[in-house]
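Report on the structure given below.
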Amino acid sequence: MNIVYPQGCRPISEDLGQDELIRRLKTLTHTLQAMGQDEGVYEQYIPLALHLADACFLEHPSKDVQLLIACCIADVLRVYAPEAPYKDQEQIKGIFYFLIKQLKGLSDPKDPAFKRYFYLLENLAYVKSFNMCFELEDCQQIFCTLFSLLFKIVNDEHSGKVKSFMLDVLCPLITESDSISNELLDIVLINIVEPLKSQKKNAYTLAKDLIVKTSDTLEPYIQQLFSRLILMDKPDKQMQISNKLYDIIYELNTFAPSVLVQVLSQLEIKLKSAQENERLKVVALLARMFSEKNSTVAKQHAALWRNFVGRFNDICLVIRIKCVQSAMHFLLNHPDLRKDVIEALKSRLHDNEETVRYEVVMAIVETAKRDVHIVAESEDLLNYVKERTLDKKFKIRKEAINGLALIYKKYMSDSNADDTIKKSLNWIKDKILHGYYMTGIEDRLLVERLLITCLVPYQLSAEDRMKRLYQLLGTCDDNATKAFIELQKNQLKVRKSVSDWIKLHRIKDITPAVQKEMNIKCTAIAKQLPEPVKAQEFLTQFSAHMRRDPKLIQEMETILKRDVVCKDCADTMTIVLKKLGQPIMTNLYYNTVKMLLERIASVMVDKNSIEVLIDLIEDCLNDGPMVNEIGLPRESVGERGLKLLSVLAYVFSAHFQHETILKHMIVLLSFDEAYVAPYILKAFTYLGRYKPLVESFPQIVEELAQLCKLFAITGTPKQAKHAIRCMFVNTQSESTTGQTDDLTTNTTENNTVDVFPEIVDQLKIALSPEKPNYRTAIVSLGHIAYNLPEKFMIPIKNIISRKIVKELLVKDTEENRDNVPDAEWCEEDDLPEETRCKVEGLKTMARWLLGLKKDVASAQKTFRMLNAFIKQKGDLLEQKKLSQAEMSWLRLSAGKAMLKICEQKGVGDQFNAEQFYNLSQLMIDPVPEVREIFAKKLHKGLNKYIPSKCLPLDFMGYYALGGRETDRRLFSAIKSSIETDVNRRREYLKQYANVERAMNQLPLILPDYMLVFAVPVLTHDPNFTDPENVTQLRAVEKCLWLILEPLVSQKEFFCFGFYKNLIDRMKNHKDALRSEDQITNHKMYAICDIAMHLIVTRAQYPEVREFSLEYTRIPDMYFQQQPENYQNTKLYVPPEIYNFKHTVSSKTVPSIISSSKTVNKTLAQKREAENSSTNTDNGTSTTTNGEPPAKRLLRGNN
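Under the UniProt record's numbering, the first residue of the sequence shown carries the number 1, and numbering increases by one thereafter.
Have a look at this one:
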């Protein structure tokens, strides 16, 4: 073959030396570069073109030679385009693999030969040289090699031109190809997903630009490939993208959504796959695609969207969680989809899995953090969070309450927020404070923290802080207000406990006795924190820390100072916390002490705050501009502020101990509104309990005394009550210790300010029905008699006997009175004045007796009179001149007075069994309001100051009559009260340190003894007349189960043997009031059998073992002892109704029945020992479990 070379070019051959060959190739290269594409002009150079493609040159060991050969061939392809001189397919294939190999040189732009590599790329791109490969059978393999190489070598150092030419080379191979292989798609698509997306960003950009430019061509091939991969049960291991299909779909959707039009609709199949893993992948993909900002996928694929929303109800937990987690993005980015998403969240709000419920709350809360308006404007979303504040799991409750607090804080702090939305969010603060009613200490700590961080941020100035507090307490509901008050009281108690503990650290010589006291106090404080055992460990560590660092003790004392300034307290807390290590979650020591500091820190109220608050209240009372700024109704804004002031006076008494503040408070007493004085006087009373003002501010007390005297004589009854209390606590020479409701503390009177003799003298005149302030005088008399019983004993006793009893309570009622209510009940304010005076007279009688404490004769007379009121249904004289409402109020007031008296040991012990039973009838009074108020009073009396200043355990027996309550609301309230009272007594028993001392107190404290008192109460229930009547027995069963359910439902406290013995002992007695009445005794025994039946059939933990006699007692006021050898083994209920053999297992019944004989035999043997005992409760008996649950519990605490 004759090879012709262009002019100036010398022949090339493999025989030439490398350097010479390179020189000749460079000349040839420059010549070929200069040639144009004129057809037919260069035919003589075809042999040269073929010669250049010889294997000796393509495989030459020199890279420079290969590069120059590649440039020459590229120019040949350009010059002879579109008909290249190469016809042999194998040769063409070899040439293009050779060219691809040379393009690898583009990887290093710093290479001296880079310009030639760039020229090669440019030349190949310019004439689309690789298009020649379309004629080859395995062209797709060549393309795959080329694509792989370019994606591999593209990098940051490449200029835009290089990348552009790469695209120019690659795009035609897709757009002009008859088909595109899956392998090629695999090479392209794998570069748009992780890890290559992050590791090779230039390759990602190249692949992305390539797909965008060729999307129309790629669409059918991508759809075909994806359809195959979606329908495959198992991934194709030969394809890299097989396991990353959904990631690729997501990426394609971001920059080339058109290629997925048909693919997305096929995802519905995967959403319904039986494999959870497949559904999860699709859900994760669609969640991202649908929720992207500006995404229109949901609109374009409505059916797919509906199927996705359906996955919120998927059986798979992980899928439900993934759906819920995506909700935030939908809420933020797609207003048009919110309705569907909110409805889907509703379905997951009550999910059985706590993780799902948690994620629902978190989705809404996180949305609020990013755009609070979205959540605030959606009533449904807020209600979802509101509902989860009562979730059974604390972590869910915590996030729900935190979320609500965040929303409230943002809106309250935003002066530009819409007032309508602000008002719609007012319930949030109530809900947060309601969290304080939860039983867990974690909930209480959370509410305490949110109060000072969100509701009333402590960082605010004193003025803004008090405005926020004023608004908070002014607009919250009654339950939230009570929670706030309880919160402040609890924090005060914790402060007192910690303060006492810190004082012990000042003792230089720590003796064993001091150390023991420190440990006791440390244990008590630990119970005020979550996980008391761990908390005690870290508090002990903190104690050791304080011993090593006296400065730390000083700082703690600063925090605990009663009159500490808020800023100083907060700053000192920061200093203390810095000494405890890093504030990280794993530093439990730091977190425990931090929780304690949050409970004891006073960062909301100080002296300046009180001054600001009083100014605000005065301005509101004067109807000033502050009324609008605070945003409360004009008719209640003043009263709300005064109520807040009285609460703060109780908790932060030390901050009020300044003459300017006290004088300002006295100024407020000049306002004419009747509600002003009671709150101010109550505040002064609290201050007096902290420290009598007569010791520090005698001039203030003198000024206050004259006002109180006026209120006690001519004020309203409420003003008079608080005036007497105020003067009593503030005119004593010795300060009472602690914050207590007991105003009868023994003190020495200070005679410098004594207005009580003047008041008593004027009361003698004012206590006449004709006087305008008759009722006020009655109230003042009662409170003086209560607070100063010894000072005016004779005068008051005479006044009570003549003025209250004879001239008021037993006075004839006039006929044809005006304004008498017709209904069976009315509000107290609607009663005739005479009747209202009688109501106050009954209260005065009770207060007088409570003041006397030990006047047995007067107590017995008073009980007889009060019992007569109840027995005669309120119409003491039976003249039938009183209306039904008046009678209701009078018998209720008499009942409340009896309960109040019974709280006091001495006079309270003088009631007899008949009076006890008559009083119980108020629980089943025909008037619902009487039942409700009496039940509340009963609960209040049983629940306070256990065990010394509460109602005796006898009165818990009244609760059994709650089983006859027909009003569901009242029934629920009574049931809740029972549970509370039972739990309070059990908690008290847990805290007892000395077992033997506690055991002696068991019959007075242990709630299980409620059954002993419920039995006689039900026995004398007038509704229970026939022990053979099935309907009546069923009603009794309901009554008994009401009290037994909370007693026997917990294994820790339930002891079958204790109840078995207790019931057997009651059956071996007879009724004390009607001992010879067989029907009465029959009723009592039937009730015992029903109780035994309920315990056997409904108790969850029936254990039957042998036992020894001790500890059960039967009160002789209600039960009379039978003869010595008496054994009552008879069943007193119809056997077909309560047949043990048909209601319990065959294994249990013999033990139960035989145990009755064992008990009776043992009782007979012990009778003589019991009779010789001086115990008024007839000795003790037994439990079949060895000892009662309370004793086991007490021994476990020691």
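We treat Cβ as the ideally placed atom computed from N, Cα and C, and that holds for glycine.
Extent of the continuous beta strand (DSSP E) to which residue i belongs
{"i": "Q1120", "result": "1119-1121"}
{"i": "H301", "result": "Taken as a continuous stretch (DSSP letters only), H301 belongs to no beta strand (DSSP E), as it is neither H nor E."}
{"i": "D855", "result": "Element bounds for D855: n/a, residue is neither H nor E."}
{"i": "D419", "result": "Not the beta strand (DSSP E): D419 falls in the alpha helix (DSSP H), residues 419-424."}
{"i": "H1069", "result": "1069-1071"}
Supposed contact pair residue j and residue i - C-beta distance, whole angstroms, cut 8 Å
{"i": "P947", "j": "I1005", "result": "5 Å"}
{"i": "P109", "j": "H158", "result": "6 Å"}
{"i": "L922", "j": "L892", "result": "7 Å"}
{"i": "T254", "j": "T217", "result": "In fact, because the Cβ distance is near 20 Å, the residues do not count as touching under 8 Å."}
{"i": "L1040", "j": "G962", "result": "About 11 Å separates the two Cβ atoms, so there is no contact after all."}
{"i": "H722", "j": "T685", "result": "7 Å"}
{"i": "H301", "j": "S265", "result": "6 Å"}
Spatial neighbours of residue i in its chain, beta-carbon cut-off 6 Å, leaving aside the 5 residues before and after
{"i": "E1106", "result": "Here the model assigns E1106 a pLDDT of 44, short of 50, so the residue's position is not dependable and the matter cannot be decided."}
{"i": "V309", "result": "D340, A344"}
{"i": "F538", "result": "Y589, T592"}
{"i": "residue 1199", "result": "An answer regarding residue 1199 cannot be provided, because it is not within the stretch 1 to 1198 covered by the chain."}
Below-8 Å beta-carbon distance, residue i vs any chain C residue
{"i": "A113", "result": "No chain C appears in the structure shown, which is made up of a single protein chain."}
Beta-carbon contacts of residue i that lie in its chain and below 7 Å, excluding the five residues immediately before and after
{"i": "V318", "result": "L280"}
{"i": "K322", "result": "L280, V283, A284, A287"}
{"i": "E639", "result": "Y675"}
{"i": "H545", "result": "L552"}
{"i": "R817", "result": "P832"}
{"i": "N819", "result": "P832"}
{"i": "A705", "result": "M727, V753, V755"}
{"i": "F671", "result": "L621"}
{"i": "C837", "result": "Y774, R775, I778, L808"}
{"i": "E618", "result": "L668"}
Contacting residues, own chain, Cβ-Cβ under 8 Å from residue i (five flanking each side not counted)
{"i": "L445", "result": "L529, P530, M595, E598, R599"}
{"i": "I796", "result": "V760, L781, I784, A785, P789, W848"}
{"i": "R506", "result": "I553"}
{"i": "L460", "result": "R468"}
{"i": "L136", "result": "Q89, I92, K93, I142"}
{"i": "K26", "result": "L68"}
Near the ligand FMN: residue i beta-carbon under 7 Å from a heavy atom
{"i": "L167", "result": "The model on display carries no ligand, and the ligand FMN is accordingly not part of it."}
Extent of the continuous alpha helix (DSSP H) run through residue i
{"i": "T1080", "result": "1078-1098"}
{"i": "G688", "result": "676-690"}
{"i": "A823", "result": "First-last for A823: undefined, no H or E at that position."}
{"i": "D761", "result": "756-766"}
{"i": "T31", "result": "18-34"}
{"i": "T558", "result": "550-560"}
Contact between the region 924-935 and the region 1025-1035 (3+ Cβ pairs under 8 Å): no
Tell me the start and end of each unbroken alpha helix (DSSP H) in the region 938-1010 that is at least 4 residues and wholly inside, in chain order. 968-991, 995-1005
I'd like to know if the region 938-945 and the region 953-962 are in contact, where contact means that at least 3 CB-CB pairs between them fall below 8 Å. yes
Is the region 27-39 touching the region 59-66 in the sense that three or more CB pairs, one from each, lie closer than 8 Å? no
Counting beta carbon pairs with one atom in the region 113-129 and one in the region 140-148, are three or more of them shorter than 8 Å? no
Could you say if the region 1078-1091 and the region 1009-1029 meet the contact criterion of at least three C-beta pairs nearer than 8 Å? yes
Taking contact to mean 3 or more Cβ pairs, one atom from each stretch, closer than 8 Å, check whether the region 374-382 and the region 406-423 are in contact. yes
With a threshold of 8 Å, are at least 3 pairs of Cβ atoms found where one atom belongs to the region 850-860 and the other to the region 881-899? no
Can we say the region 94-104 touches the region 65-77, given the rule of at least three CB pairs closer than 8 Å? yes
I'd like the ranges of any alpha helix (DSSP H) spanning at least 4 consecutive residues and lying wholly in the region 881-926. 884-902, 913-920
Report yes or no: do three or more beta-carbon pairs, one from the region 601-615 and one from the region 630-650, lie closer than 8 Å? yes
Runs of alpha helix (DSSP H) wholly within the region 591-673 (minimum 4 residues, chain order): 607-621, 626-630, 634-651, 659-668
Quick check on the DSSP output: what are the complete alpha helix (DSSP H) runs of length 4 or more inside the region 46-129, in order along the chain? 46-52, 55-58, 63-79, 89-103, 114-126
What alpha helix (DSSP H) runs, 4 residues minimum, are completely inside the region 452-492? 462-475
Sequence ranges, alpha helix (DSSP H) only - wholly within the region 316-356, length at least 4: 317-333, 338-348
Three Cβ pairs or more, each shorter than 8 Å: is that satisfied between the region 798-806 and the region 909-918? no
Could I get the ranges of all uninterrupted beta strand (DSSP E) runs contained in the region 143-189, with 3 residues as the minimum, in chain order? none
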